[in-house]
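Participant: Pasting a structure here, questions to come.
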Amino acid sequence: MSPPATKIPGLVFCAGQTATGDIKPATNLKEVLELAGSSFDKVVKYNVYLADMKGFAAMNEVYIDFLPKPMPSRSCLQAVPPGDGTVIEIECIAQA
1 MSPPATKIPG LVFCAGQTAT GDIKPATNLK EVLELAGSSF DKVVKYNVYL ADMKGFAAMN
61 EVYIDFLPKP MPSRSCLQAV PPGDGTVIEI ECIAQA
């Protein structure tokens with residue numbers, strides 16, 4: 001099993017964090033970043049994978065309201081979920 005984050009000098013690469021059910025509460029990412037010595041303020045790139053793009057508006061609402069400004073770049077794609085009930089997977093790259 002891979003670690004939730006890999007740290008190299010200056011950067012933290014967070015593995016995908018998944019959630020089932022509603023998209024809004026989907027974030028273990030904050031804890032992973034903090035354990036690696038980083039935070040949402042230091043994220044430079046997000047990759048978001050949705051099981052269904054119908055969830056984009058809900059995800060985007062949380063993204064806009066929750067994250068500090070200026071927001072980093074982001075990709076959002078529809079993807080086959082890794083497990084039953086998974087609706088979202090989020091990974092990121094942050095400054096250490």
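Per UniProt numbering, residue 1 is the first one in the sequence shown, and the count goes up by one each step. Using N, Cα and C, we set each Cβ at its ideal position, and we do this for glycine too. Note that the coordinates shown come from a computational prediction; the quantities given were computed from them, not determined experimentally.
Which residues bound the beta strand (DSSP E) around Ala-19?
Facilitator: 11 to 20 is the extent of the beta strand (DSSP E) around Ala-19.
Participant: State the beta-bridge partners of Val-48 as determined by DSSP.
Facilitator: Answer by DSSP bridge pairing, in chain order: Cys-76, Ile-90.
Participant: Hey, is the stretch 1 to 11 in contact with the stretch 73 to 81, meaning 3+ C-beta pairs nearer than 8 Å?
Facilitator: Contact between the stretch 1 to 11 and the stretch 73 to 81 is absent, because fewer than three Cβ pairs lie under 8 Å.
Participant: Here's the rule I'm using: 16 or more other beta-carbon atoms within 10 Å means buried, otherwise exposed. How should Ser-2 be labelled?
Facilitator: Classification for Ser-2: exposed.
Participant: With distances taken from CA atoms, which of Ser-39, Phe-40, Val-48, Ser-38 is nearest Gln-17?
Facilitator: The residue with the shortest Cα to Cα distance from Gln-17 is Val-48.
Participant: For Gly-21, collect the residues of the same chain with a Cβ closer than 8 Å to its Cβ; drop the 5 residues on either side in sequence, then sort them by chain order.
Facilitator: Gly-85, Val-87.
Participant: Excluding the five sequence neighbours on either side, which residues of its own chain have a C-beta within less than 6 Å of the C-beta of Pro-25, listed in chain order?
Facilitator: Because Pro-25 carries a pLDDT of 46, less than 50, the predicted location of this residue cannot be relied on, and the following value inherits that uncertainty. None.
Participant: To the nearest angstrom, report how far apart Ser-73 and Lys-45 are at their CA atoms.
Facilitator: Cα to Cα, Ser-73 sits roughly 5 Å from Lys-45.
Participant: Along the beta strand (DSSP E) that carries Pro-36, what are the first and last residues, could you check?
Facilitator: Before going on, a small fix: residue 36 reads as Ala here, not Pro. That residue, Ala-36, is in no beta strand (DSSP E); it is neither H nor E in DSSP.
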